[in-house]
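With the UniProt record's numbering, letter number 401 in the sequence shown gets 401, and the count goes up by one each step, no holes.
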Amino acid sequence: MKRIVFLVAITALFLQSCSDEQQTSKERLTSFVNPFMGTDGPGNTYPGATVPFGMVQLSPDHGLSGWDRIAGYFYPDTIITGFSHMHLTGTGAGDLYDILLSPINSKATKTLAENGNRPYSTFSHDNEHAEPGYYQVYLQDYGINAELTTTERTGIHQYTFPKDDNSGFIIDLGYSLNWDAPTDTYIKVIDDSTIEGYRFSTGWASDQRVFFTATFSKPFVSSELYQDNKMVDNMSVKAKNTKVIVRFPTSDNEKVVVKFGFSSASTNGSARSLSAEASHNNFKTYQQAASDRWEAELSKIKIETDNEIWKKTFYTTLYQSMLAPTLLSDIDGNYKGADGQYHSANNYDKYDTFSLWDTFRAAHPLYTIMHPEKVQDFVSSMLSHYEQTGLTPVWSMHGNETNMMIGYHAIPVIVDAYFKGLLNDFDSELLYQACKSNAMDDDHGIKEYKELGYVPVSYDHENWSVSKTVEYAYDDWCIAQLAKALNKTDDFAYFMKRAANWQNHYDSESSFLRPKHANGAFLADFVAKDYTDHFCESNAWHYFWFVPHNIQGLIDATGGPNRFEEKLDSMFTYHPKEEDELPIFSTGMIGQYAHGNEPSHHVAYLYNYLGKPWKSQERIREIVETQYAPVPNGHCGNEDCGQMSSWYIFSSLGFYPVNPADGIYVIGTPLWKNAIIQLGGDKSFTITCQNASNENKYIQKVSLNGKELERTYIYHNEIMNGGTLEFIMGATPNKSLWISPESYPPSSAK
């Protein structure tokens, strides 16, 4: 209840403080987006400029490390050290922050030990603005106004300087935060307007390479190169810690544009990216182009509602759903691969930043509706990772496998895209072998999983035995479906047997999935609500429900529908006690349900499998209304590269992919009077709600294309064929709707 009151109060305050410019630009959907959503609290988002799925995320850096500054920026902070070009969106991983540019002048005298004794300026949110594709802040100690925008592969800065004889910039390649550390950097001054170089670094991703070419609209009159903070008399410098300081005089209100082109393969690639995408110095033109790209993407779903806060939340989450994956190949298609070699993407764009433990659940299914052409590039990118390493990505970024989190969740992404008809031109045998690769590996407990039928207890780092078993079992079901489609009968039987491995953890005594030793004995002293090494960022309550390919089997194992319903009710009503130790990722709590982390995301929809859809509608609306708001503290947990946002988008439209690879969306409860999804060409899918309001959260009746819908789900192809889904809503539950088992979503493993 405290969080509900807090969100309502902070939302009201924030909306009151919106600028006149935002208020008068309501006709553009970009005006409903607040890039600051998630920059306070646990969201870990960044407010800076980028384009949809772009390589560059140009955003302010406070220059201070810490969990709250994982994305380089934390709303309560009051200083800015500079602006770096690469950031992760909403993760728990402190990496990137590549190529820091800091404007300076004679007033840049303050430094902090905490930011590496770099100059900084204070700033105020009253003189700061962000919108899709654009960020602006006034650096009040310097009297310099900073503006940022991007193209796909370039970062474009415009600075308005006061009169000063000692204005200029620092390009700092030694700058690092959190897990990130440079391993080799290089700077070369080409002439009085051009600098090139690279920054190689390690961190969460062990071998990152960023090549850059920078040009300045105002020639600098001096340049100083530094190696390990000592000035060197040369035109180039190479070391772990390098920087260059350029200086020039400025008149009052003089504008200087700085442009950076990037490549992960070469400075030739970064120069080519710059010349191809940013050939002139008209900042406003780039800003408008970035805004127009966002407007086009946001316009793919148009909603009608009387609730302004909900509308801002929707378009902000829609925006944040497109901040990852990120482009990796340069303008010539070249990129640094996961094998450490340089490669060329032929006939596709190479993407990375695949936060698959998070995004396979809802973000990637959303992309199959909104960005089918991108899905093909995403899958091609995963296949290239397989060809370079022998495995599909687990959690890859910037041409690296981080092996963060668990599962082999590229598989449901690939299988989902295959069955939705998006991979018809792909080599099906290559797709299958790629999917099979991780499942037949021996690392991450998979060897024991294959031998025993489960991952046994151990106390190695991140053992997470139960979580691994159930996620491997789901991915195996996905492989089995692809094997069946390709007439691989033996493999189908083999992987279907593995898909049932979740049962090996079921303990009838506790009625939970319980950790198990290699000798077959269940772990003693088991407490379901405890957060232990046996569950990935979760406890036994969270992971009990993760059998999306066989919900009916889980219901049967639990003791039938009544017992399952009682347990599901308890999930939302068994609240933690004050003395319970909750980890940092256990946020967005409703009972044991934790919306701030991904394993719980499908759980509210499970009442549909019991003939009690009104209970799902009740819980979904509670989550929608209490765990999201278009304000800095508006995400209840890490946004996680679009997953948290994608849950909201689907749920607000009225359906969700409980099983992310079966092409079925289970119905929840819609928010909008009207929502139109543009599908390309002249096709669209319209969702209408009679009596839509805050109070009317219960579905009374549903029709699809004029015919009453007698099931609690719709198919992907029913959306993509175009048509109309009509809801009639009410303030009280319709307990006679969809009570027959024939109306339940399909849910037995086959």
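Glycine included, C-beta positions come from ideal geometry on N, C-alpha and C.
Give a yes or no on whether the C-beta atoms belonging to residue i and residue j are separated by under 8 angstroms.
i, j, result
"Lys107", "Tyr120", "no"
"Lys516", "Asn501", "no"
"Thr469", "Asn438", "no"
"Thr724", "Thr688", "yes"
"Ala363", "Gln643", "yes"
"Met571", "Gly591", "yes"
"His716", "Lys420", "yes"
"Ile187", "Ile171", "yes"
"Val51", "Ala265", "no"
"Gln678", "Lys312", "no"
"Val33", "Tyr315", "yes"
"Tyr198", "Phe216", "no"
"Thr326", "Thr353", "yes"
"Asp61", "Leu100", "yes"
"Gln158", "Val257", "yes"
Under a three-way DSSP split, which group does residue i fall into?
i, result
"Asp126", "helix"
"Gln690", "strand"
"Trp179", "coil"
"Tyr348", "coil"
"Lys599", "Rather than Lys, the amino acid found at residue 599 in this sequence is Pro. Residue state, collapsed to three classes: helix."
"Val375", "helix"
"Thr250", "strand"
"Arg619", "helix"
"Lys243", "strand"
"Ser736", "coil"
"Tyr656", "strand"
"Tyr142", "coil"
"Pro741", "helix"
"Met644", "helix"
"Tyr186", "strand"
Rounded to a whole number of angstroms, what is the C-alpha to C-alpha distance between residue i and residue j?
i, j, result
"Phe248", "Glu196", "19 angstroms"
"Ser176", "Asp580", "36 angstroms"
"Leu422", "Asn268", "34 angstroms"
"Ala661", "Met55", "28 angstroms"
"Phe200", "Thr185", "6 angstroms"
"Pro746", "Trp477", "14 angstroms"
"Leu58", "Asn166", "25 angstroms"
"Gln23", "Glu387", "Residue placement at Gln23 is flagged as unreliable, the pLDDT there being 42, under the threshold of 50; a coordinate-derived value is accordingly withheld."
"Ala9", "Glu308", "With a pLDDT of only 41 at Ala9, under 50, the local geometry of the prediction cannot be trusted, and no value is derived from it."
"Asn691", "Trp310", "16 angstroms"
"Ser344", "Asn334", "4 angstroms"
"Ile104", "Thr78", "17 angstroms"
"Ala483", "Thr489", "7 angstroms"
"Gln481", "Arg28", "43 angstroms"
"Pro630", "Tyr713", "29 angstroms"
"Pro219", "Tyr138", "23 angstroms"
"Tyr226", "Phe123", "28 angstroms"
"Pro583", "Gly453", "29 angstroms"
"Ala214", "Ser273", "11 angstroms"
For the candidate residues the options, whose alpha-carbon lies nearest to that of residue i?
i, options, result
"Glu565", "Glu128, Leu327, Gly722 and Tyr605", "Tyr605"
"Asp349", "Ile171, Ala338, Asp332 and Arg361", "Asp332"
"His444", "Ser275, Phe36, Lys436 and His461", "His461"
"Thr30", "Asp95, Gly133 and Ser508", "Gly133"
"Tyr75", "Ala661, Gln678, Cys641 and Pro632", "Pro632"
"Ile190", "Ser222, Leu554 and Pro162", "Ser222"
"Ser321", "Glu147, Thr215 and Asp640", "Asp640"
"Val704", "Glu718, Ala518, Ser693 and Lys697", "Position check: residue 704 holds Leu in this sequence, whereas Val was assumed. Per the Cα distances, Glu718."
"Leu671", "Ser645, Tyr628 and Arg621", "Arg621"
"Phe526", "Cys536, Ser511, Thr558 and Val375", "Ser511"
"Gly82", "Thr89, Thr91, Tyr97 and Ala93", "Tyr97"
"Gly92", "Ser84, Arg69, Ala113 and Leu112", "Arg69"
"His140", "His125, Asp330 and Ala130", "Before going further, note that residue 140 is Gln rather than His in the sequence given. Comparing Cα positions, the closest option is His125."
"Phe36", "Thr89, Val256 and Leu64", "Thr89"
"Ser600", "Lys701, Trp738, Val413 and Glu537", "Glu537"
"Thr202", "Gly174, Ala594 and Leu709", "Gly174"
"Phe685", "Ser693, Thr160 and Ile369", "Ile369"
Using a Cβ-Cβ distance under 8 angstroms, would residue i count as near chain D?
i, result
"Thr185", "Checking the listed chains, one finds no chain D in this structure; it contains a single protein chain."
Every unbroken beta strand (DSSP E) inside the region 38 to 108 [3 residues or more]: 59 to 61, 82 to 84 and 100 to 104
Unbroken stretches of the alpha helix (DSSP H), 4 residues or longer, contained in the region 507 to 575: 540 to 543, 551 to 558 and 561 to 573
Whole beta strand (DSSP E) elements within the region 199 to 240, 3-residue minimum: 208 to 216, 222 to 227, 230 to 232 and 236 to 239
3-residue-minimum beta strand (DSSP E) runs that sit fully inside the region 668 to 723, ordered along the chain: 674 to 678, 684 to 690, 698 to 704 and 713 to 715
Within the region 377 to 426, ranges of the alpha helix (DSSP H) (whole runs, at least 4 residues): 410 to 419
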